[in-house]
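Colleague:
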Amino acid sequence: TNARYWLFDEPTLALDKQSVATFLNYLSTARAKNKMVIFSSHAGDEVFHICDHILSITNPSLFLDGVKTNG
45 TNARYWLFDE
55 PTLALDKQSV
65 ATFLNYLSTA
75 RAKNKMVIFS
85 SHAGDEVFHI
95 CDHILSITNP
105 SLFLDGVKTN
115 G
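By this note's numbering, the letter at position 63 of the sequence shown is numbered 107, and the numbering carries on one by one without gaps.
#1: When the Cα atoms are used, what is the spatial distance from I94 to S72?
#2: Please report how far the alpha carbon of S100 lies from the alpha carbon of T66, in whole angstroms.
#3: Is it buried or exposed for P55, if we count other Cβ within 10 angstroms and need 16 for buried?
#4: Please classify H93: does DSSP put it in a helix, a strand, or coil?
#5: Quick one, which of I98, K79, K77 has its alpha-carbon nearest H86's?
In C-alpha cells form, the structure reads like this:
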C-alpha cells in the first residue's frame, strides 16, 4: 500500500506464533520504508519488539509515554 500511516487494533490477537512473526516482520519492513505504524495491543512482548515509541494507557490514564532505547 502507498498509505503513509497504518492503524491496527489488536492485529495479532487471533494469529498463531508463526503468523505473528510474519506480521511483525512485515511491520518492520514497512517502518524501514518510512511508514508510520500505530497499533493497540495487550501483547507487551510484541509491542516492545516492534515499536520505537510506546504509549501505555491504564484505567484510563496515560501510564507511560516514551521512546524505547537499546539496553
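Glycine included, each C-beta is placed from N, C-alpha and C at the ideal position.
Modeller: Put simply:
#1: Here residue 94 corresponds to residue number 50 of the sequence shown, with the count starting at 1. Here residue 72 corresponds to residue number 28 of the sequence shown, with the count starting at 1. Going by the C-alpha atoms only, they are around 7 angstroms apart.
#2: Counting from 1 along the sequence shown, the entry for residue 100 is found at position 56. Counting from 1 along the sequence shown, the entry for residue 66 is found at position 22. Taking the straight line joining both Cα atoms gives about 24 angstroms.
#3: Position 11 of the sequence shown, counted from the start, is the residue given in the question as residue 55. Classification for P55: buried.
#4: For the purposes of this step, residue 93 is identified with residue 49 of the sequence shown, where counting begins at 1. Here DSSP, grouped into helix, strand and coil, assigns H93 to helix.
#5: The sequence position of residue 86 within the sequence shown is 42, counting from 1. Selected option, being the one with the closest Cα: I98.
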